[in-house]
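>
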Amino acid sequence: MVEKKKTTTKKTETKKQDTKKVAPVKQEGKKQAKAAAGSTTEQKARVGVFICHCGTNIAGSMDLTAVEAYAKTIPNVAYVDNYKYMCSMPGQAVINKAINDNKLTGVVVAACSPRLHEPTFRTATKEGGLNPFRFEMANIREQNSWVHMHDQEGSTDKAKDAIRIAVAKAALLQDLFPKAVPVEKAAMVVGAGVAGMQAALDLSAAGIKTYLVESDASIGGRMSQLDKTFPTLDCSQCILTPKMVDVGREPLIELFTWSEVHEVEGYIGNFDVTIRKKARGVISMAEGEARGIVGGGCNGCGDCEGVCPVVKPNEFEMGMKPRKAIYINHPQVVPLLYTIDFNSCVKCGLCVTICGEKKAIDLEAKDEFVKVKVGTAILATGYELFPIEKKAEWGYKKFENVITGLEFERLICASGPTGGHLVRPSDGQTPKKVGFVLCAGSRDNTGIGKPYCSRFCCMYSLKHAHQIIEKIPGCTPYLFYMDIRSFGKAYEEFYYRIQDEGAKFIRGRVANILEDPKTKSLHVMTDDTLLNRPIDLEMDLVVLASAVQPSADTNRTRKLFGVSCSMDGWLLEAHPKLNPCGTTTAGVFLAGVCQGPKDIPDTVASAEGAASAASIPIHKGEVELEPYFATCIAEKCAGCGMCVNLCPYSALALVKKDGRTVMEVTEAKCKGCGTCGGFCPGGAIWMNHFATPQIVAQIDAFLLGGEQ
Amino acid sequence: MARTKGYPAALDKKLQDTKFYLDDSNPEFTKNVKAISRTTAHMCYQCGTCTGSCPSAPRSSYRIRLFMRRAVLGLENEALTDPDLWLCTTCYSCADRCPRDIIPTDVIMSMRNLAFKRDIIPVNFLKTVQAIYSSGHGVPNNDVNRAAREKLGLTRDPPTTHMYPEYIKGIQKILDHYKLKANADRIVKEREG
Ligand SMILES: Cc1cc2nc3c(=O)[nH]c(=O)nc-3n(C[C@H](O)[C@H](O)[C@H](O)COP(=O)(O)OP(=O)(O)OC[C@H]3O[C@@H](n4cnc5c(N)ncnc54)[C@H](O)[C@@H]3O)c2cc1C
Ligand code: SF4
Ligand code: SF4
Ligand code: SF4
Ligand code: SF4
C-alpha cells in the first residue's frame, strides 16, 4: 500500500503537465459525440455518485466514509450520497431526487455488478429525467469487497479507483436511444424428444408458427425407447404417442425430420436459419403431390423393407434387432415415412421396383437446404449414454450378460426385440438374479467418467427392479448403490414400495465384475459398506445405470446459435436459479436434458418454461436492441473497406454518399463487439457507449490516480 | 470384573462406551495424512470400491475403507493403533478404481509413517529394514530363486546389489541418514531383548 501511495503522488505530478494533452482529446470526443448522436448538450458534466453499503456486504469490508469523502474531490462530481441498499425503492428515490435537485448529467452507482443491477439503476436514472444510458456502474462488491474481505485499506483504495474511473466515463456519456426491431412471428425448436415436442406444442397452441427440426427419422427421442415411466409406471409409448400424433397433425408445426440446423444468421427477432434436409431417399405423400405424382409418395406400406437385401442392426433397439437399409425405427413413428440408410444401401433398386407407381423412392436423392426466418429458438437436443465400456472394470462389451439401462428398457418392452421377455443375451435364459450397478460412470472424478449425478438412474433402476419382480416370479433384483436419490414428488414413496416388493439394496459401489467363463454368470464384487464386509454375489444378468452426456451433435449446434456450455458439455443457462431456460444469446432458450440431466416431469416443465419465454418477444412484436452499435464518422472515413471483412456479424458495407465511398453500419446486425472500432486506422468508427474518448478518459483516470 | 458377575471377561469389553465423541478426532491428523500421502484423503465418500477391490479384505479383518473414514474424521489413535494398518499389500488396486481419484494405498503409507514415529510397527517390518541394510533387498535372493532364474535363461543373481554388492554402501548411507536402521535395531532389541 505504501508503495502505491508513492507512485500515486508521482503520477499526480505528471498529471498536471498532462492535463493539456488530455483536454483536447476530451473535447474532440465531445465533438464526435455530437457528430454521432447529434443530441448532446454542451453543458458542463455534473456527475452524481451513489455509494451502496449492500448491508454489510460492502460496508463491512471497507471504509465507506473515506470513499465518500474522496468521491467529493473527483473532478466533475457534483453530488455524493450513500445508502444502505441503493437498489431498494428508497435507494432509487435518492437517485431520482438528486438528479433533479443538482441538475446532474450523469449517474455513478458504486455497488454490485452491472449484470445484477444495471437495469435497475438505468430505470432509476430514467425516472430522474435523464437518458438511461447516462448511468455507469462501479463494481465495488464482486470485484472488491467480496475478494478483499480481509484487506480494509486495500479495498478502500480500490473502491476509490473504481469510482474515479466510472466518473471519468460518466462525464462523457451521451444520450442513446435503443432501436426497436420487429420480431418474426415464428419460432424454431431443435430436437424433437419429449422436451422439443412439448415446446413446439405449446408454441403452436399460442398461435406461433413453429419449425421443429429433428436429426433422427422420427420424433419422440429417448422417451419412445422406454417401456414404463417412474414413479407412476404408465406405459411410455402410451403417453407419448398421442403427443407425437398431435405434433404431426398440428398445422402450425412444420416438421423437419432427418434434418439438422446448418447455419444461423441474425439476432433475436430475426434469425435466418438454414436447415439441411439430409438425403432420405423417400418422399412423403405431400412431396409426391407437389411433384405431380398422383397418389404417390410413401404411404408406409413397408413393401420395400420386405425386398431390401441389406441387414443392419436397428439403433432404436440398441442394436438387438435387425433392420433393412430402408427402414422405420418402430411401428409408431411420426412421420410414417421410410428412410434409406445410404451408408449401407447397395442401390440394387429392388425397393424402387416394388414401390411401383407410388414412385416414393429416389435413390439419387441429395441433401436439400431450406431457409426459414424465426424470431426465437429453443434448443432441446437431449442426451445419449456415456460409453460405459470406458470403465473397463464392469466388463460392458466384454461380458455378454452385462447390459445398459436402455438395453434393459428394450428387452423388457413388449414391442422390443424379445417381445418383452427379459433374457440373458448369452443363452436366452430367464435370469433369476439381476444386479443393478448404480452411478455407473457418474459421480466419478477420475477423468474417465462424469463428475455429476445423472439424476434419473436411481429412479429408473428402482423401476427396473419393480418390472422384474412383476414379470418374472422368483427373480430377485439387487441394487448396488451409494445413495438412493429419490427427491421428486412421490419418488421416496416409490422407493418404499420397491423395497417392500422384495428388491435387495446393497450399499456399496461395484468395484469390479468377473465372468464365469463356463456359465457366463457374473460375480459382482463390492463392499457391503453397512455390514463392513467385502462381497462376491453371483448374478445372472447385470444392468449398468450408465451416466449420460450431451448428444453427439450438441456442440456443433450450440455454436451455431452462440450458446455456451459448461465444462462437461451441457448447455449453459443464463442463470442457474433465476433464468434456467434462457441463454446469454438473446432469443435462444433451452429445454430438457440438453441443459443438464432431468427426468420426464422436469423435462416437460423446463420445455413449457422455455416455450413461454420464447413466446414473449414474439407476442410483444418487437424487441429493443442495446444501442451499442458502431457508427461511421463519414468525414473521417477513407472508404478503404478493410473493416467490412473484419466484422464477424457482416454488419458493415461500403456505400456511395455525397459522391464518396464510405462505410455504413446495419445497426440491427451490429453487436457492438468493437472489432472495427479498434481497427479503423483513421479513427472513423465511433462505438456508441464504448467510444474511444470515453475509454481513454477511463484509462487516464486510472493511470493518473491519486487524490484529485 | 465384579460388574460382569461371572460372565466371561470378554463381556466387559462389550459393555464399554464406544460412542464417537468430538474429542476423539484430531483435525491435525487429517491434515498430516494429506500432506504426507499427497492425495485428497479428506474427499472419501465411503462408496466401498476400495474394499471391494482389495485382495487383503476377503482374507483378513483389514478394511481400507475404515482407514479412509478415520482419515476423514481425524481418528488418529484408532487408526495408528489398529494392527490391520499393516495388512495392506500395496497392490494399488484400490487406487486404480477409487471414483474420487484418491490413492488409498498412499493414505495407508502415510499412516504407517505416522505410526512409526510413535514406535508402533510390527517386528517383521523392522526385520525387512535390517535385510535391506545388509543386502539391499527386502526379500534377498535364495537358491530356489537362483535355480528358477537359471531355468528361465537369466543370470543367477539380478543386476542389483546382488550382482554389484559395492553399491550396498550407498543404500546404507540413505537408511542411516533417516536413522531407520538405528531405530529398527533399537525397537527390535526392546521387543526381543
Ligand atoms: C434407461 C432410462 C430410463 C429412463 N426412465 C425414465 C422414467 O421412467 N421416467 C422419467 O421421468 N424419465 C426417465 N428417463 C429419462 C428420460 O429419458 C429423459 O428425461 C427424457 O428423454 C428427456 O427428453 P429430452 O427431450 O430432453 O431429450 P431426448 O429424449 O434425448 O430427445 C432429444 C431429441 O433431440 C434430437 N437431437 C439431438 N441432437 C440434435 C441436433 N443437433 N439437431 C436436431 N435434433 C437433435 C434427438 O434425436 C432426440 O430426438 C430414463 C432415461 C434412461 C436412460
Ligand atoms: S436400393 Fe437400397 S434400400 Fe432399396 S432395396 Fe436395394 S439396398 Fe435396400
Ligand atoms: S441418479 Fe442415482 S444412480 Fe444416477 S448418478 Fe445420481 S446417485 Fe448415481
Ligand atoms: S474407493 Fe475411494 S471414495 Fe470409495 S470408499 Fe474407497 S477411498 Fe473412499
Ligand atoms: S493397495 Fe492395499 S488397501 Fe489398496 S487394494 Fe491393495 S492391499 Fe487393499
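Chains as they are written, first to last, in the numbering used here: chain A, 1 to 708; chain B, 1001 to 1193. We put the beta carbon where it would ideally sit given N, CA and C, even for glycine.
Output yes if chain B places a C-beta closer than 8 Å to the C-beta of E393 of chain A; else output no.
Yes, E393 of chain A lies at the interface with chain B (some Cβ there is under 8 Å from its Cβ).
> Between F505 of chain A and L479 of chain A, how many whole angstroms is the CB-CB distance? I'm expecting something under 8 Å.
That pair is a contact at about 5 Å.
> Does any residue of chain B bring its CB to less than 8 Å from the CB of A511 of chain A?
Judged by the 8 Å Cβ criterion, A511 of chain A is in contact with chain B.
> With three or more beta-carbon pairs closer than 8 Å as the criterion, would you say the stretch 103-112 of chain A touches the stretch 42-50 of chain A?
Touching, yes.
> Under the assumption that Y491 of chain A contacts R507 of chain A (Cβ atoms under 8 Å), give the Cβ distance between them as a whole number of angstroms.
Actually they do not touch by this definition, with Cβ atoms about 18 Å apart.
> Any C-beta of chain B within less than 8 Å: which residues of the stretch 496-528 of chain A qualify?
So the close ones are R507, G508, R509, V510, A511, N512, M525, T526, D527, D528.
> Could you tell me if the beta carbon of F487 of chain A falls within a distance shorter than 7 Å of some heavy atom in ligand 3?
No - ligand 3 has no heavy atom lying nearer than 7 Å to the Cβ of F487 of chain A.
> Counting along the chain, where does the alpha helix (DSSP H) carrying M539 of chain A start and finish?
Counting along the chain, M539 of chain A falls outside any alpha helix (DSSP H), though it belongs to the beta strand (DSSP E) covering 533-539.
> Just tell me which of A:L226, A:A545, A:F589 has its CA closest to the CA of C565 of chain A.
Out of A:L226, A:A545, A:F589, A:F589 has the C-alpha closest to the C-alpha of C565 of chain A.
> If F230 of chain A and F487 of chain A are in contact, beta carbons under 8 Å, what's the gap, nearest whole angstrom?
Not quite, the Cβ-Cβ distance comes to about 12 Å (not below 8 Å), so this is no contact.
> Between A360 of chain A and I219 of chain A, what straight-line distance do the alpha-carbon atoms span, to the nearest angstrom?
Whole-angstrom Cα-Cα distance: 21 Å.
> Who are the near neighbours of G502 of chain A in its chain, counting only those whose CB is closer than 7 Å to its CB and skipping five residues on each side?
Contacts found: I469, T476.
> Is the stretch 394-407 of chain A touching the stretch 611-619 of chain A in the sense that three or more CB pairs, one from each, lie closer than 8 Å?
Too few Cβ pairs lie closer than 8 Å, so no.
> Could you tell me whether any non-hydrogen atom of ligand 5 is closer than 7 Å to the CB of Y1092 of chain B?
For ligand 5, at least one heavy atom lies less than 7 Å from the Cβ of Y1092 of chain B.
> Could you tell me whether any Cβ in chain B is nearer than 8 Å to the Cβ of G435 of chain A?
No, G435 of chain A lies away from the interface with chain B (no Cβ there is under 8 Å from its Cβ).
> Check the Cβ of L1066 of chain B against every Cβ in chain E and list those closer than 9 Å, keeping chain order.
Structure shown: chain E not included; protein chains present are A and B.
> Can you grab the Cα-Cα spacing for the pair C439 of chain A / P534 of chain A, in whole Å?
Cα to Cα, the separation comes out at about 19 Å.
> Are C1091 of chain B and P1104 of chain B close, meaning C-beta to C-beta below 8 Å?
Result no, Cβ atoms of C1091 of chain B and P1104 of chain B do not sit closer than 8 Å.
> Given a cut-off of 8 Å on the beta-carbon distance, is the pair N512 of chain A and E389 of chain A in contact?
Cβ distance not < 8 Å, so N512 of chain A and E389 of chain A don't count as in contact.
> Using 10 angstroms around the beta-carbon of E622 of chain A, count the other beta-carbons present and answer buried if the total reaches 16, otherwise exposed.
By the neighbour-count rule (16 or more Cβ atoms within 10 Å), E622 of chain A is not buried but exposed.
> Beta-carbon within less than 6 Å of K433 of chain A's beta-carbon, same chain only, minus the 5 sequence neighbours each way: which residues are those?
Excluding sequence neighbours, K433 of chain A sits near T476, M539, D540.
> Could one say the Cβ of R1038 of chain B lies closer than 8 Å to chain A's Cβ atoms, at least one of them?
So, not an interface residue.
> Hey, would you say I340 of chain A sits closer than 8 Å to R280 of chain A, going by beta carbons?
Yes, Cβ-Cβ distance for I340 of chain A and R280 of chain A is below 8 Å.
> Which of the three DSSP states, helix, strand or coil, is assigned to L530 of chain A?
If DSSP states are grouped into helix, strand and coil, L530 of chain A belongs with coil.
> Using the rule of at least 16 other Cβ atoms within 10 Å of the residue's Cβ for burial, across every protein chain shown, is M642 of chain A buried or exposed?
Flag for M642 of chain A reads exposed.
> Measure the alpha-carbon distance for C52 of chain A versus A66 of chain A and round it to whole angstroms.
The alpha-carbon atoms of C52 of chain A and A66 of chain A are separated by roughly 14 Å.
> Quick one: list the residues of chain A neighbouring T1018 of chain B, beta-carbon separation under 8 Å, in chain order.
Those within 8 Å of T1018 of chain B in chain A number zero; the least Cβ separation is about 14 Å.
> Tell me the rounded alpha-carbon separation between P597 of chain A and T603 of chain A.
Rounded to the nearest angstrom, the two C-alpha atoms are 9 Å apart.
> With 16 as the cutoff for other CB atoms within 10 Å, does A1148 of chain B come out buried or exposed?
Exposed is the call here.
> Does any CB atom of chain A fall closer than 8 Å to the CB of R1097 of chain B?
Yes, R1097 of chain B counts as interfacial toward chain A.
> What ranges does the alpha helix (DSSP H) occupy inside the stretch 549-604 of chain A, keeping only unbroken runs of at least 4 residues that lie completely in it?
List check, alpha helix (DSSP H) in window: 554-560.
> How about the stretch 633-647 of chain A and the stretch 214-228 of chain A: do they share at least three Cβ pairs that are nearer than 8 Å?
These segments do not touch.
> Output, in chain order, the set of chain B residues within a Cβ distance shorter than 7 Å of R443 of chain A.
The contacting residues are P1099.
> Using a threshold of 7 Å, is the CB atom of P601 of chain A nearer than that to any non-hydrogen atom of ligand 1?
Yes, the beta carbon of P601 of chain A sits closer than 7 Å to at least one heavy atom of ligand 1.
> Among B:C1098, B:G1048, B:V1123, B:Y1164, which one has its Cα closest to the Cα of T1039 of chain B?
With distances taken between Cα atoms, T1039 of chain B lies closest to B:C1098.
> Does DSSP put K1189 of chain B in a helix, in a strand, or in coil?
Residue state, collapsed to three classes: helix.
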